[in-house]
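K.L.:
Got a structure for you, written out below as structure tokens; questions coming shortly.
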Amino acid sequence: MSSSSTAPLAPESALLRVAPPPEESPLRRAELRLQELLAEIDSLDTELDSLGLELQRFSRAYEDSLSASFEEVSRSERLLRRLRNLQDAASALTRLLEQPTLPPAAPPKPPERSAPPRTSARQASEEPSKRASFDDAENEDTFEDEPAEDDSPSEAELQAEREDEAVALKRLHRRLARLLHPDLAQSDEERTRLDALMARVNVAYEAGDRTTLELIAAKVGAGDTAPGNLTDDERLAHLERRIRILSTAVHSLRQQRESLRATATARLYEEAKRREAQGRDYLAETRAEMDEELQGLAQDARARMRQLERAARTLTSLRNKRMSTLAENVKGRKLRAFDPVQESPLVRQGVLRLERQRATPAARELARRLEDAVTQEPWQVALTLMAFFAEAAGRPPPGLDTTEAWAERYELLRELDMPEAPTYDQALTRLPRHLELGMRVMKKEVRFGLQLRDAELLAAVPLALQREDVAERGRSVLAVLGPQEQCKRCGEEVLLQHLLRTRGLDELNGMLCPLCAHVQKSYWLYSRSEGQEALLPHALRLGTIVEQGVRLAGTTIGFQLLPEEREALTPAQLLQRFVDLYLQPYGVEVQPAHLRLEQRGKVLEPEALVTRGALTLKLAPEAGTSEKEVLELLRSRIERRFRPDASR
Numbered sequence: 008m009s010s011s012s013t014a015p016l017a018p019e020s021a022l023l024r025v026a027p028p029p030e031e032s033p034l035r036r037a038e039l040r041l042q043e044l045l046a047e048i049d050s051l052d053t054e055l056d057s058l059g060l061e062l063q064r065f066s067r068a069y070e071d072s073l074s075a076s077f078e079e080v081s082r083s084e085r086l087l088r089r090l091r092n093l094q095d096a097a098s099a100l101t102r103l104l105e106q107p108t109l110p111p112a113a114p115p116k117p118p119e120r121s122a123p124p125r126t127s128a129r130q131a132s133e134e135p136s137k138r139a140s141f142d143d144a145e146n147e148d149t150f151e152d153e154p155a156e157d158d159s160p161s162e163a164e165l166q167a168e169r170e171d172e173a174v175a176l177k178r179l180h181r182r183l184a185r186l187l188h189p190d191l192a193q194s195d196e197e198r199t200r201l202d203a204l205m206a207r208v209n210v211a212y213e214a215g216d217r218t219t220l221e222l223i224a225a226k227v228g229a230g231d232t233a234p235g236n237l238t239d240d241e242r243l244a245h246l247e248r249r250i251r252i253l254s255t256a257v258h259s260l261r262q263q264r265e266s267l268r269a270t271a272t273a274r275l276y277e278e279a280k281r282r283e284a285q286g287r288d289y290l291a292e293t294r295a296e297m298d299e300e301l302q303g304l305a306q307d308a309r310a311r312m313r314q315l316e317r318a319a320r321t322l323t324s325l326r327n328k329r330m331s332t333l334a335e336n337v338k339g340r341k342l343r344a345f346d347p348v349q350e351s352p353l354v355r356q357g358v359l360r361l362e363r364q365r366a367t368p369a370a371r372e373l374a375r376r377l378e379d380a381v382t383q384e385p386w387q388v389a390l391t392l393m394a395f396f397a398e399a400a401g402r403p404p405p406g407l408d409t410t411e412a413w414a415e416r417y418e419l420l421r422e423l424d425m426p427e428a429p430t431y432d433q434a435l436t437r438l439p440r441h442l443e444l445g446m447r448v449m450k451k452e453v454r455f456g457l458q459l460r461d462a463e464l465l466a467a468v469p470l471a472l473q474r475e476d477v478a479e480r481g482r483s484v485l486a487v488l489g490p491q492e493q494c495k496r497c498g499e500e501v502l503l504q505h506l507l508r509t510r511g512l513d514e515l516n517g518m519l520c521p522l523c524a525h526v527q528k529s530y531w532l533y534s535r536s537e538g539q540e541a542l543l544p545h546a547l548r549l550g551t552i553v554e555q556g557v558r559l560a561g562t563t564i565g566f567q568l569l570p571e572e573r574e575a576l577t578p579a580q581l582l583q584r585f586v587d588l589y590l591q592p593y594g595v596e597v598q599p600a601h602l603r604l605e606q607r608g609k610v611l612e613p614e615a616l617v618t619r620g621a622l623t624l625k626l627a628p629e630a631g632t633s634e635k636e637v638l639e640l641l642r643s644r645i646e647r648r649f650r651p652d653a654s655r
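Take the sequence shown: its position 164, counting from 1, is numbered 171 in the working numbering, and each next residue is one higher.
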């Protein structure tokens, strides 16, 4: 090695020290951060739109491809559920009959369902139309109770910051052009200032400098028509405010993206894409899997039917041994004894939220059959409506709470407008296939009576009621479901009609005579509506009850009436209802003569008929108080109506 290779470096050949690049100013960093946020918002918006469209297309394809298969599986599972229930009932009866002695004549409490309905694993995890809404709602209110930060931007600020930059610049430029128009100047000196300031605005607009435009607009809006040059601190503060608002918008968009990705439909879509990358067809494979599942369900059903055949033979043997030992009475007939086999129908859980029932193909088919039968076999439609209202009420109304009541109300309907219909006893032997005699559990009570064979068929009745002739039959049925009493005014034996005498401010129930509209009783309810009260939404929908609203200081107060009452209603009568139900009971000292009803800005004559349209309750100046004060006083006293109040 030469000596030159080991010689120390000369001072002039030493490594040069390179100075670090100058650090960017806070203002520049803020400008860059703002650009990043705007770009990310555009990207997230595009991503959300694209993902939403892709999931929508996939969901439609999923439904089109697999809805028939899911329906087949659903039908098979319904069959299995019924078979399992029959097996459970048969097992319970077998154990009962194997006891040394039979229980007393009163039938024991029927067994409730021991297990929830079976749902296939695939249906529970894969059907987007059924499961997505539940998956999406699981964490809906996770952070609801956390206190909001004081400096969180408002919705208006978020929307303003997410406005397209070009649109925002143009909007600001137009606004400043109006504020700085030379015609606004009152002197040559002021015109010169406005021209100079407008020149700065034009320069900022051409440069796309939204920060400068917003700061100038803020100063001009505050009355400064000659703002000086904008300082870096002013620009930085404005940029930091925009960054804070846009950061919140970005966080919200990210959450929306993650929520969308977490839906059941998105998970299925990702699985479909994964299989597609492997050259496989997810929808075709799922159809094949469901066909295989259908075969398994069919085999399971056949095995259970064979088990039920053996169970039936066992029950027959045990029952015959028991029944052959019964003593005969003096008339030569056997004593009426509890027959556990004959008197133990399948128990079904009551359906309380009928509006949430999904209208399955079977329900839609039943709705069509009801529409056809309303003119050909009206008694079938009447019985179906009675069964529907009995279950919709939770606790059956007075007209449907016993077997005798069922027979009495059906015979009344038959005498009124179904003279060719069979008697009630005959009708029970000719029930259409969607009706059956059975038991259902309603809360803590087991109810026996006529019911739709499957709970899903309940959704058929609201569909059929949309047709006018079915709705007319529904009105007839609703009219016979109330308790029977003698009217205290007209003296007739009538079936009372339920309504809310008023609602919106107070909620007072009433039972009315349908002939003379006399109020037989008034009462408040402090628990969930059941029985006839629970059928009020159906009565309003079908028009057996109508409601007239009156606005008082922005609050609508409803008064429900019989249709005949509403047709003859006058402003004087409506005001008297307000006096009787609010002013007098709660001790509000307003003279009835100071009350007025207005419609479309005109005061109504006391004895004129009330026409359709919104009504407003006004107080005359002589009343010495305002509508708002009366409303607040009523609210306060309604809340304290059962508390001792020395001031009243």
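We put the CB at the ideal spot given by N, CA and C, even for glycine.
Predicted, not measured: the structure shown is a model, and the values here were computed from it.
#1: In the DSSP assignment, what residue or residues form a beta bridge with GLN458?
#2: Return the bridge partner residues of VAL557 from the DSSP annotation.
#3: So HIS245 is in the alpha helix (DSSP H); what residue range does that whole segment cover?
#4: My assumption, with CB atoms under 8 angstroms, is that HIS504 sits in contact with LEU519. Please give the rounded CB distance.
#5: How is the alpha helix (DSSP H) around GLY517 delimited, first residue to last?
#6: Ends of the alpha helix (DSSP H) at GLU574?
#7: Mapping the DSSP letters down to three states, classify TYR593 as helix, strand or coil.
#8: Considering only C-alpha positions, which residue in the set ALA600, THR255, PRO628 and THR577 is nearest to GLN606?
#9: Compute the Euclidean distance between the alpha carbons of LEU444 and VAL586, then round it to the nearest angstrom.
#10: Going by Cα to Cα distance, which pick from GLN473, SER534 and SER536 is closest to VAL381?
#11: So, are the CB atoms of TYR276 and PHE566 less than 8 angstroms apart?
#12: Within 10 angstroms of the Cβ of PRO385, are there 16 or more other Cβ atoms? Answer buried if so, exposed if not.
#13: Between the C-alpha atoms of GLU479 and LEU549, what's the straight-line distance to the nearest angstrom?
#14: For the segment 471-495, list the beta strand (DSSP E) runs that are entirely contained and at least 3 residues long, ordered along the chain.
#15: Determine the extent of the beta strand (DSSP E) in which SER529 is found, giving its start and end residues.
#16: Classify PHE395: buried if its beta carbon has 16 or more other beta carbons within 10 angstroms, exposed otherwise.
#17: Could you check whether the segment 614-630 touches the segment 638-650, counting it as contact only if at least three pairs of C-beta atoms, one from each stretch, sit closer than 8 angstroms?
#18: Is any heavy atom in the ligand GDP found nearer than 7 angstroms to the beta carbon of THR270?
#19: Compare the C-alpha of PRO429 against each of GLU265, ALA389 and LEU515 and name the closest.
#20: List the endpoints of the continuous alpha helix (DSSP H) containing VAL586.
#21: Rounded C-beta distance between ALA305 and SER83? I'm assuming under 8 angstroms.
#22: Looking at C-beta atoms only, is the number of pairs between the segment 498-514 and the segment 423-440 that lie closer than 8 angstroms three or more?
#23: Is LEU640 helix, strand or coil by DSSP?
#24: Reducing DSSP to helix, strand and coil, say where GLU606 ends up.
#25: So, at 8 angstroms on beta carbons, what are the nonlocal neighbours of LEU41 in its own chain, with the 5 sequence-adjacent residues on each side left out?
#26: For ARG88, name the three-state secondary structure that DSSP assigns.
#27: Under 7 angstroms Cβ to Cβ from GLN387, same chain only, skipping five residues before and after it: list those, please.
#28: Would ALA675 be called buried (16 or more neighbouring beta carbons within 10 Å of its own) or exposed?
#29: Taking contact to mean at least 3 C-beta pairs separated by less than 8 angstroms, is the segment 527-547 in contact with the segment 556-563?
#30: Tell me whether the beta-carbon of TRP413 lies closer than 8 angstroms to the beta-carbon of LEU459.
#31: On the criterion of 16 or more Cβ atoms from any shown chain inside 10 Å, does PHE649 qualify as buried, or is it exposed?
#32: Determine the burial state of GLU422: buried for a count of at least 16 other Cβ atoms within 10 Å of its Cβ, exposed for fewer.
#33: Helix, strand or coil: how does DSSP classify GLN504 here?
#34: Closer than 8 angstroms by C-beta to ARG261: which residues in its own chain qualify, once you throw out the five before and the five after it? Chain order, please.
#35: Under 8 angstroms, do LEU464 and ALA524 count as touching if we go by C-beta distance?
#36: In terms of residue numbering, what span does the alpha helix (DSSP H) encompassing LEU543 cover?
P.N.:
Straight from the coordinates:
#1: As a working note, residue 458 is residue 451 in the sequence shown. According to DSSP, GLN458 shares a beta bridge with GLU443.
#2: Here the question's residue 557 lines up with position 550 in the sequence shown. Beta-bridge pairing links VAL557 to ILE564 and LEU622.
#3: The count along the sequence shown starts at 1 and reaches residue 245 at position 238. Start and end: 239-268.
#4: For the purposes of this step, residue 504 is taken as residue 497 along the sequence shown, with counting starting at 1. For the purposes of this step, residue 519 is taken as residue 512 along the sequence shown, with counting starting at 1. Reading the sequence as shown, one finds Gln at residue 504 and not His. Correct: roughly 5 angstroms between the Cβ atoms.
#5: Mapped onto the sequence shown, residue 517 falls at position 510. Note, GLY517: premise wrong, no alpha helix (DSSP H); beta strand (DSSP E) at 515-519.
#6: One-based indexing of the sequence shown puts residue 574 at position 567. Note, GLU574: alpha helix (DSSP H), 570-574.
#7: Here residue 593 is taken as the residue at index 586 of the sequence shown, counted from 1. Looking at TYR593 - three-state DSSP - the assignment turns out to be coil, as it is neither helix nor strand.
#8: Reading the sequence shown from its first residue, position 599 is the one you call residue 606. Ranking ALA600, THR255, PRO628 and THR577 by Cα distance to GLN606 puts THR577 first.
#9: The residue labelled residue 444 in the question sits at position 437 within the sequence shown. The residue labelled residue 586 in the question sits at position 579 within the sequence shown. Using only the alpha carbons, I get a separation of about 49 angstroms.
#10: What you label residue 381 is simply residue 374 of the sequence shown in a count that begins at 1. The residue with the shortest Cα to Cα distance from VAL381 is GLN473.
#11: Position 269 of the sequence shown, counted from the start, is the residue given in the question as residue 276. Position 559 of the sequence shown, counted from the start, is the residue given in the question as residue 566. No, these two residues do not count as a Cβ contact at 8 angstroms.
#12: The residue given as residue 385 occupies position 378 in the sequence shown. Buried, by the Cβ-count rule.
#13: Position 472 of the sequence shown, counted from the start, is the residue given in the question as residue 479. Position 542 of the sequence shown, counted from the start, is the residue given in the question as residue 549. Cα to Cα, the separation comes out at about 8 angstroms.
#14: 491-493
#15: To locate residue 529, count along the sequence shown from 1; it is residue 522. SER529 -> beta strand (DSSP E) spans 526-530.
#16: In the sequence shown, counting from the first residue as 1, residue 395 sits at position 388. Here PHE395 is buried: its Cβ has 16 or more other Cβ atoms, across all protein chains shown, within 10 Å.
#17: no
#18: By its list of ligands, the structure shown contains no ligand whatsoever, and the ligand GDP lies outside what it can speak to.
#19: On the sequence shown, position 422 is the one that residue 429 refers to. Ranking the options by Cα distance to PRO429, first place goes to ALA389.
#20: For the purposes of this step, residue 586 is identified with residue 579 of the sequence shown, where counting begins at 1. From DSSP, VAL586 is part of no alpha helix (DSSP H); its letter is neither H nor E.
#21: Along the sequence shown, one-based indexing puts residue 305 at 298. Along the sequence shown, one-based indexing puts residue 83 at 76. Their Cβ separation, rounded to whole angstroms, is 7 angstroms, which keeps ALA305 and SER83 in contact under 8 angstroms.
#22: With a cut-off of 8 angstroms, the segment 423-440 and the segment 498-514 do not count as touching, because too few Cβ pairs lie within range.
#23: Here residue 640 refers to the residue found at position 633 when the sequence shown is read from its first residue. In this structure, LEU640 counts as helix in the three-state DSSP scheme.
#24: To locate residue 606, count along the sequence shown from 1; it is residue 599. The sequence shown places Gln at residue 606, rather than the Glu named in the question. When secondary structure is reduced to three states using DSSP, GLN606 falls in the strand class.
#25: Taking the first residue of the sequence shown as position 1, residue 41 is located at position 34. Residues LEU246, ARG249, ILE250 and LEU253 of the same chain have their beta carbon placed closer than 8 angstroms to that of LEU41, with the five preceding and five following residues left out of the count.
#26: The count along the sequence shown starts at 1 and reaches residue 88 at position 81. Of the three classes helix, strand and coil, the one that applies to ARG88 here is helix, per DSSP.
#27: Stepping through the sequence shown from its first residue, residue 387 is reached at position 380. If we look at GLN387 and ignore the five residues flanking it on each side, its Cβ neighbours are ALA380 and PRO439.
#28: For residue 675 there is no data in the structure shown, the boundaries of the chain being 8 and 655.
#29: With contact defined as three or more Cβ pairs closer than 8 angstroms, the segment 527-547 and the segment 556-563 are not in contact.
#30: Looking up residue 413 in the sequence shown gives position 406. Looking up residue 459 in the sequence shown gives position 452. Judged by beta-carbon spacing, LEU459 lies beyond the 8 angstroms limit of TRP413, meaning their Cβ atoms are not closer than that value.
#31: Along the sequence shown, read from residue 1 onward, the residue named residue 649 stands at position 642. With fewer than 16 Cβ atoms within 10 Å of its Cβ, PHE649 is classed as exposed.
#32: The sequence position of residue 422 within the sequence shown is 415, counting from 1. By the 10 Å Cβ count, GLU422 comes out exposed.
#33: Working through the sequence shown from its first residue, we reach residue 504 at position 497. DSSP places GLN504 in strand when its eight states are reduced to three.
#34: Stepping through the sequence shown from its first residue, residue 261 is reached at position 254. Answer for ARG261: LEU51, listed in chain order.
#35: Against the sequence shown, residue 464 aligns to sequence position 457. Against the sequence shown, residue 524 aligns to sequence position 517. No, the pair does not count as a contact, with Cβ atoms beyond the cut-off.
#36: On the sequence shown, residue 543 is found 536 positions in, with the first residue counted as 1. Here the alpha helix (DSSP H) through LEU543 covers 543-549.
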